[in-house]
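A.B. asks:
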Amino acid sequence: MNALATEPMIAEIPDSHHCSAAARFAQTLAGVCGKITPVWPLDDYVAMNPYAGFADQTLIQCHQSFRRFCDGTLLMPMHYYAAQFSEGKVTRSDIAEAIRQTEESLVDSSELPSLAEIVFTLNQSLRRQASVIEFGTKNEPPEGRWGTAIIEEISRHCSAHYDQGQATWASPFRSRSLYDAWREMMKLDRKFEWMGVSQFRQFVSELPDDPADAILALLIRLNVPESQWESFLLSRAFTVPGWSAWAKYQGVMAERSGGIADEDLIGLLAIRLAYDTALGHPISYCDHLRSEPASADVWVRTILLRATEIAIQNRILESIKQARLERPLSTVSNAASIDPATSDTAKATNPLAQMVFCIDVRSERIRRHIEAVTSGIETFGFAGFFGLPIEFVPLGRQSGSGQVPVLLTPQFQVHETIAGVSDDEVETAAQQRAVIRSWRKSWKQFATSAVGCFSFVETTGLLSAGSLLSRTLRIDRSGWRGPSNPSRDAIGPNHQLRLTLANLEEQGITLPKRIEMATAVLTNLGITRDFARLVVFCGHASQTENNPLQAGLDCGACGGHSGESNARFAAMLINQPAVRAGLAETGIVIPESTHFLPAVHNTTTDEIVFYDLQDVPASHQNDLKELQEGTAAATRLTQAERMPLVASDSITDLLRRSLDWSEVRPEWGLAGNAAFIAAPRTFTESIDLNGRAFLHSYDESADPHSQVLETIMTAPLVVAHLINMQYYASTVDNEHFGSGSKTVHNIVGGFGVLSGNGGDLQTGLPIQSLHDGKKWIHEPVRLLGILAAHRSAIDGVLAKHAGLRQSILNGWLNLIAIEDGQPYRCTHTGQWEAV
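To convert, count from 1 in the sequence shown and add 8; that's our numbering.
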């Protein structure tokens with residue numbers, strides 16, 4: 009191949025053309041970058057909505073957009089919906105209602121299929137239903153082997169450029185931008201010329217220095233019509249959706265630190281177009297980039313998606329209705345008419361404990377069983393970082409993890425220390441831990457490096473046999489020791505790690521600010537009176553082995569980390585006498601008999617571990633014992649409920665998964681998530697929601713100005729929506745937004761995973777997190793938000809937040825208001841319709 013030998017490297021751009029096109033091109037480029045969603049690194053891996061850039065479109069419009077620039081899809085295949093219909097999960101009435109709602113949102117609904125036509129199609133599909141699902145298969149790029157070669161080249165360059173210490177030989181150009189580094193590397197790299205593309209290095213050297221200028225020049229050189237610029241550039245980005253998402257993340261981080269947003273993403277697009285141009289790919293590349301009306305099949309599947317959502321909505325609303333009918337009217341009327349004496353915060357007389365869990369769907373089961381085991385424990389739902397913008401710094405480190413949603417930035421550091429020892433002993437222990445951590449890192453780098461890997465295996469293979477055999481046979485039954493157990497770094501058996509508040513003042517976190525934080529936590533949570541003797545902040549964490557995507561199973565509200573530090577800090581904060589005195593001045597009077605206690609819910613084993621027990625007063629020891637016994641009983645019930653879901657035949661096997669380094673399904677994470685409910689617990693406490701709902705406490709009677717409602721709608725509801733969309737996208741389009749099979753994952757650069765030894769960066773959920781090998785565990789539906797609040801209050805919030813309103817009106821998020829016991833659906837026009 010000799011695509012570059014007979015023509016100039018870059019076509020000359022007429023000044024007049026350049027001037028007239030520059031402004032439009034800049035707008036187009038910004039639009040392309042705005043449609044790419046970032047992916048976070050493995051240490052902070054959290055859910056993101058890959059469709060966020062298309063929120064100004066409806067789902068079916070977005071589906072049609074995707075078909076213009078890639079082979080992606082937003083809908084499940086017909087045989088999936090046929091199975092739902094056959095199993096009775098979706099009924100004819102659900103489909104009929106979905107048709108009616110779809111007709112309402114269209115100007116011309118004449119092309120919509122009828123109920124009879126849809127049912128006929130479903131029955132036909134059942135007869136030819138696919139019997140095998142292929143996991144993790146990637147289609148060959150439309151450009152054939154050259155397309156694969158380009159993807160491999162881009163992946164090779166990006167892996168080296170972004171490496172975080174995994175590679176033995178680091179790229180010498182990492183200090184430069186992605187585009188500049190690539191151009192410098194190409195001066196030395198002859199690979200493409202050896203593959204037959206002569207003069208490739210000269211071609212790269214003649215590219216404009218600015219990547220945006222290079223893109224414009226290459227678009228003109230490729231003869232891409234201006235009307236197709238955006239679709240064409242998106243088609244190039246979606247040949248490497250993983251690296252595009254990672255480059256977008258670099259832009260997000262750069263912008264936060266005052267740098268240039270999207271510089272690396274623009275550079276990646278320039279690199280991709282340079283390869284296209286060098287290979288002489290003709291204009292037929294974008295022949296398919298044209299808008300076509302939705303086919304009958306797409307309309308049928310869109311209606312069936314909505315029918316599935318309606319079926320779930322009806323089951324939940326019916327359960328809430330029945331629960332309300334089974335209890336006295338005074339305890340179930342809408343929040344606006346609840347008597348304070350019968351509200352959630354006064355439900356039990358002198359309750360033993362009030363336990364605050366993360367809204368994570370995995371909390372629903374354990375909360376339900378805790379309440380069933382003892383009537384003396386109330387449970388609440390709140391975002392798992394408990395509204396505390398901290399960066400947790402472990403002992404022996406100078407910086408730590410941001411314990412906040414990734415869209416936020418920590419405001420101050422909270423450090424770890426050792427209880428009951430001198431400052432010198434703390435410093436010595438910190439140095440020991442730093443040395444051990446450095447030694448482990450060096451040893452791991454040697455063991456995995458090109459220099460040391462073979463000699464490491466030959467030398468230590470036999471010595472490691474016992475450890476490997478133990479792990480394989482699950483001999484180690486020590487159980488979960490918690491994410492911050494000091495024995496991990498051999499500090500000493502008598503040392504107890506805990507948090508310190510000593511350095512808050514020097515960071516500007518004065519007493520008034522601590523009082524303000526505590527006030528916000530309790531107010532937003534809804535516990536401002538009638539405190540129990542024990543109030544527990546229960547964060548959550550997942551325990552797995554050999555799992556690069558473990559952070560995705562930890563607390564998303566804590567930035568993909570354990571919620572332990574947030575729980576411990578919250579309890580320490582509100583236990584401070586000075587903070588309590590300040591709270592009393594705001595009207596929140598906490599009795600001296602109330603003690604705040606931190607805990608962590610292990611979502612893999614459903615054990616609850618309590619921390620800082622040395623601070624529990626002697627007067628509360630019997631209360632603590634009763635609480636521990638109650639939660640232990642609830643753990644056993646939750647484990648029994650989860651056993652069939654993970655195909656375990658015993659509790660021992662379920663617990664084994666948390667320690668098994670070969671386990672591909674240690675737990676199901678947030679698979680199955682379908683609803684977000686913000687309401688008093690009386691709405692849902694007797695309902696089995698099957699671990700499918702985010703449960704946030706909300707009492708409208710205590711929120712006269714809808715400030716708490718606004719916080720819930722613009723933070724926890726949005727985060728739940730992001731999680732729901734990632735699970736949705738990974739299910740309907742695992743090729744573009746999932747990560748294939750985790751059995752062939754390899755960590756790259758310390759920040760991401762590849763499938764096998766190359767190809768695109770994998771960004772979403774692996775198939776094993778969604779499918780059990782026989783059926784889908786996650787049901788891809790758009791989130792149903794249920795708010796126990798007046799419609800006028802919800803409208804007031806939506807009027808202030810255009811992005812959230814747009815997501816609801818375009819159908820990305822379904823919204824229900826429960827007002828005076830009556831549910832209302834928010835329609836595509838923003839009006840409310842009684843359900």
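Positions of the beta carbon are idealized from the N, C-alpha and C atoms, including for glycine. Treat the numbers as computed from the prediction; the structure is a model and nothing was measured.
What is the residue span of the alpha helix (DSSP H) that A90 lies within?
C.D. replies: Counting from 1 along the sequence shown, the entry for residue 90 is found at position 82. Unbroken alpha helix (DSSP H) run through A90: M86 to S94.
A.B. asks: Leaving out five residues on either side along the sequence, give the residues of the same chain with a beta carbon under 7 Å from the beta carbon of L581.
C.D. replies: Counting from 1 along the sequence shown, the entry for residue 581 is found at position 573. If we look at L581 and ignore the five residues flanking it on each side, its Cβ neighbours are R522, M525, A526 and V587.
A.B. asks: Quick one: what does DSSP say Q330 is sitting in, helix, strand or coil?
C.D. replies: Walking along the sequence shown from the start, residue 330 turns up at place 322. In the structure shown, Q330 sits in a helix (DSSP, three-state: H, G or I).
A.B. asks: Residue range of the beta strand (DSSP E) that G389 falls in?
C.D. replies: The residue given as residue 389 occupies position 381 in the sequence shown. That run of the beta strand (DSSP E) goes I385 to F390.
A.B. asks: I want to know whether the stretch 201-215 touches the stretch 166-184 - three or more CB-CB distances under 8 Å.
C.D. replies: No: fewer than three Cβ pairs fall under 8 Å.
A.B. asks: L581 lies in the alpha helix (DSSP H); which residues open and close that run?
C.D. replies: Here residue 581 refers to the residue found at position 573 of the sequence shown. Residues E572 to N583.
A.B. asks: On a CA-only basis, which of A842, F200, W820 and S815 is nearest D828? Give me that one, please.
C.D. replies: Counting from 1 along the sequence shown, the entry for residue 828 is found at position 820. Comparing Cα-Cα distances from D828 to each of A842, F200, W820 and S815, the minimum goes to A842.
A.B. asks: Mapping the DSSP letters down to three states, classify W840 as helix, strand or coil.
C.D. replies: Here residue 840 is taken as the residue at index 832 of the sequence shown, counted from 1. Reduced to three states, the DSSP call for W840 is strand.
A.B. asks: Apply the 10 Å Cβ neighbour rule to D270 and answer buried if 16 or more other Cβ atoms are within range, or exposed otherwise.
C.D. replies: Counting from one through the sequence shown, the residue named residue 270 turns up at place 262. By the neighbour-count rule (16 or more Cβ atoms within 10 Å), D270 is buried.
A.B. asks: Would you mind working out which of D116, L663 and P712 sits nearest A801, comparing C-alpha positions?
C.D. replies: To locate residue 801, count along the sequence shown from 1; it is residue 793. With distances taken between Cα atoms, A801 lies closest to P712.
A.B. asks: In angstroms with no decimal places, state the Cα-to-Cα distance between L5 and T36.
C.D. replies: Any property of residue 5 remains undetermined from this structure, which presents the chain solely from 9 to 843.
A.B. asks: Report the residue from F200, P49 and A528 whose alpha carbon sits nearest the alpha carbon of G590.
C.D. replies: Counted from its first residue, the sequence shown places residue 590 at position 582. Here the closest residue by C-alpha is A528.
A.B. asks: I need the DSSP call for E111, collapsed to helix, strand or coil.
C.D. replies: As a working mapping, residue 111 is identified with position 103 in the sequence shown. Reduced to three states, the DSSP call for E111 is helix.
A.B. asks: State the DSSP-derived secondary structure class of M363, mapped to helix, strand or coil.
C.D. replies: Numbered from its first residue, the sequence shown carries residue 363 at position 355. Of the three classes helix, strand and coil, the one that applies to M363 here is strand, per DSSP.
A.B. asks: Which residue marks the beginning of the alpha helix (DSSP H) containing Q629, and which one marks its end?
C.D. replies: For this step, residue 629 is matched to residue 621 along the sequence shown. Segment Q629 to R650, the alpha helix (DSSP H) holding Q629.
A.B. asks: Measuring alpha carbon to alpha carbon, tell me which of L130, T110, I367 and T518 ends up nearest L678.
C.D. replies: Here residue 678 refers to the residue found at position 670 when the sequence shown is read from its first residue. When each option's Cα is compared against that of L678, the closest is I367.
A.B. asks: Helix, strand or coil for I523? Go by DSSP, reduced to three states.
C.D. replies: Locating residue 523 in the sequence shown gives position 515, counting from the first residue. Correct three-state label for I523: helix.
A.B. asks: Measuring straight from C-alpha to C-alpha, what distance separates V624 and L635?
C.D. replies: What you label residue 624 is simply residue 616 of the sequence shown in a count that begins at 1. What you label residue 635 is simply residue 627 of the sequence shown in a count that begins at 1. One C-alpha to the other measures close to 13 Å.
A.B. asks: With a threshold of 6 Å on Cβ separation, who are the neighbours of G746 within its own chain once the five nearest residues in sequence on each side are excluded?
C.D. replies: Residue mapping note: residue 746 aligns to position 738 of the sequence shown, counting from 1. S738, G772 and L773.
A.B. asks: Does DSSP put S833 in a helix, a strand or coil?
C.D. replies: Translated into the one-based positions of the sequence shown, residue 833 becomes position 825. Inspection of the sequence shows that residue 833 is occupied by Arg rather than by Ser. Reduced to three states, the DSSP call for R833 is strand.
A.B. asks: What alpha helix (DSSP H) runs, 4 residues minimum, are completely inside the stretch 217-298?
C.D. replies: Here the runs fully enclosed are 219-229, 237-245, 249-264 and 271-286.
A.B. asks: Under 8 Å by Cβ, that's how I've got G534 and S705 pegged, so tell me the actual separation to the nearest angstrom.
C.D. replies: Position 526 of the sequence shown, counted from the start, is the residue given in the question as residue 534. Position 697 of the sequence shown, counted from the start, is the residue given in the question as residue 705. Indeed, because the Cβ distance is near 5 Å, the residues count as touching under 8 Å.
A.B. asks: Under DSSP, the alpha helix (DSSP H) around T805 begins and ends at which residues?
C.D. replies: Numbered from its first residue, the sequence shown carries residue 805 at position 797. Here the sequence assigns Val to residue 805, which means Thr is not the residue at that position. Element bounds for V805: R799 to K808.
A.B. asks: Determine contact between the stretch 506-521 and the stretch 406-416, defined as no fewer than three beta-carbon pairs at a distance below 8 Å.
C.D. replies: Short answer: they don't touch.
A.B. asks: According to the Cβ coordinates, are G395 and N231 closer than 8 Å?
C.D. replies: Locating residue 395 in the sequence shown gives position 387, where the first residue counts as 1. Locating residue 231 in the sequence shown gives position 223, where the first residue counts as 1. Cβ atoms of G395 and N231: not closer than 8 Å.
A.B. asks: Is the distance from the Cβ of W307 to the Cβ of P121 below 8 Å?
C.D. replies: As a first step, residue 307 is located in the sequence shown; it is residue number 299 there, counting from the start. As a first step, residue 121 is located in the sequence shown; it is residue number 113 there, counting from the start. Yes, these two residues count as a Cβ contact at 8 Å.
A.B. asks: So what's E192 in DSSP terms, helix, strand or just coil?
C.D. replies: Counting from one through the sequence shown, the residue named residue 192 turns up at place 184. Helix at E192.
A.B. asks: For F365, tell me which candidate among S601, M261, C546 and E787 has the shortest Cα-Cα distance.
C.D. replies: Locating residue 365 in the sequence shown gives position 357, counting from the first residue. Closest by alpha carbon: C546.
A.B. asks: Considering Cα atoms alone, identify which of S658, F400, A640 and W48 is closest to L512.
C.D. replies: Indexing the sequence shown from 1 puts residue 512 at position 504. Of the candidates S658, F400, A640 and W48, the one whose C-alpha sits nearest the C-alpha of L512 is F400.
A.B. asks: For S133, which residues of its own chain have a beta-carbon under 7 Å away from its beta-carbon, when the five flanking residues on both sides are left out?
C.D. replies: Walking along the sequence shown from the start, residue 133 turns up at place 125. Taken in chain order, the residues that qualify are M86, H87 and A90.
A.B. asks: How would you label W669, buried or exposed, when you count the other beta carbons within 10 angstroms and need 16 or more for buried?
C.D. replies: Within the sequence shown, residue 669 is the residue found at index 661, counting from 1. Burial call: exposed.
A.B. asks: Which of the three DSSP states, helix, strand or coil, is assigned to F545?
C.D. replies: By 1-based counting over the sequence shown, the position of residue 545 is 537. Of the three classes helix, strand and coil, the one that applies to F545 here is strand, per DSSP.
A.B. asks: Using DSSP with H/G/I as helix, E/B as strand and the rest coil, what is P724?
C.D. replies: Start at 1 with the first residue of the sequence shown, and residue 724 comes out as number 716. Correct three-state label for P724: helix.
A.B. asks: In the DSSP assignment, find the unbroken beta strand (DSSP E) run with H753 in it and report its ends.
C.D. replies: Within the sequence shown, numbered from 1, the residue matching residue 753 stands at position 745. That run of the beta strand (DSSP E) goes H753 to V756.
A.B. asks: Of the residues H729, V127 and E372, which one's Cα is nearest the Cα of R309?
C.D. replies: Along the sequence shown, read from residue 1 onward, the residue named residue 309 stands at position 301. Checked all of H729, V127 and E372; the closest Cα to R309 is V127.
A.B. asks: Is H713 helix, strand or coil when you go by DSSP?
C.D. replies: Counting from one through the sequence shown, the residue named residue 713 turns up at place 705. Coil at H713, not helix or strand.
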